[in-house]
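Per mature numbering (1 follows the signal peptide of the UniProt record, and there is no 0), the sequence shown runs over residues -25 to -1, 1 to 160. The beta-carbon is built from N, C-alpha and C at its ideal position, and this holds for glycine as well. Scroll down for the structure; my scribbles are underneath it.
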Amino acid sequence: MAGTPRGRLLAIVLLVAVVLVPASAKDYTVGDSSGWKPGVDYTAWAKGKSFAIGDTLSFQYSSSHSVLEVSEADHSTCSASNPLRSHRDQSTTVPLTKPGTRYFICGAAGHCASGMKLAITVSGGSDSGSSAGPAMRAMNTTPAAGGATTTADVGQSDSSAAGTGARLATGLLFAAVGLAVLMMG
Ligand SMILES: [Cu+2]
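Printed below as a string of structure tokens:
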């Protein structure tokens, strides 16, 4: 296909778009329009949301508040004396980089007890409901072609689809960049 330079450029752009779109992450504004302040039920806010690696939390608050990331114990007791990280810039973005539960409270006296506490759980796999999912899964099964295809292989390919997808995306991205460099040179 794509014999002309213009055609090849288009192909590269499409390829890069396909690679990048599934990686697009959600940014959650904590408390939505209420932001980060006392009197908001952040447990209710977090309920029903599925946080994934690559998503971000955005805390919006006035100068009388802060965002402290704390341990589970300090979260439950509203202890602000030993934060893992603390932020006071009134607009704090927290990237969710790994699976697990993360705990946040406000450091101002009494505010955590007034509801300024948040616990969110980041799920392990990437929740890609995009069109790239089935394609990557299909490509993932091809290395088994030479050997005996067992049901175990199929099950494994499904559970490791996210990791394979990430590697595939990286490979495609390098291929696209390489092509672009070749064309420009
Ligand atoms: Cu506060």
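Counting along the chain, the unbroken alpha helix (DSSP H) around A21 starts and ends at 17 to 21. Counting only residues whose CB is nearer than 5 Å to a non-hydrogen atom of ligand 1, the list in chain order is H40, C81, A83, H86, M91. Contact fails between the region 15 to 31 and the region 54 to 67, because fewer than three Cβ pairs, one in each stretch, are under 8 Å apart. When the beta-carbon positions are compared, D2 and D30 come within less than 8 Å of each other. Leaving aside the five residues that flank G10 on each side, the residues in its chain whose CB is nearer than 8 Å to its CB run, in chain order, T4, F34, Q35, Y36. Counting only the Cα atoms, S(-2) lies some 28 Å from L59.
S41 and S54 do not touch by the CB rule: their CB atoms are close to 14 Å apart, not below 8 Å. In the DSSP annotation of this structure, D2 is not part of any alpha helix (DSSP H); the continuous beta strand (DSSP E) holding it starts and ends at 2 to 4. I95 sits away from V45, with the two beta carbons spaced by 8 Å or more.
Under DSSP, the beta-bridge partners assigned to R77 are I95. Under the rule that a run must span 4 or more residues, the alpha helix (DSSP H) segments found entirely inside the region 24 to 65 read 47 to 52. Taken atom to atom, the span from the alpha-carbon of G14 to that of T76 is near 23 Å. Exposed is the label assigned to K22, since fewer than 16 other Cβ atoms lie within 10 Å of its Cβ. Residue nearest to Y78 within the set N57, P70, H50, V69 is H50 (criterion: CA-CA distance). Residue environment: K92 is assigned as buried (16 or more neighbouring CB atoms within 10 Å of its CB, all protein chains considered).
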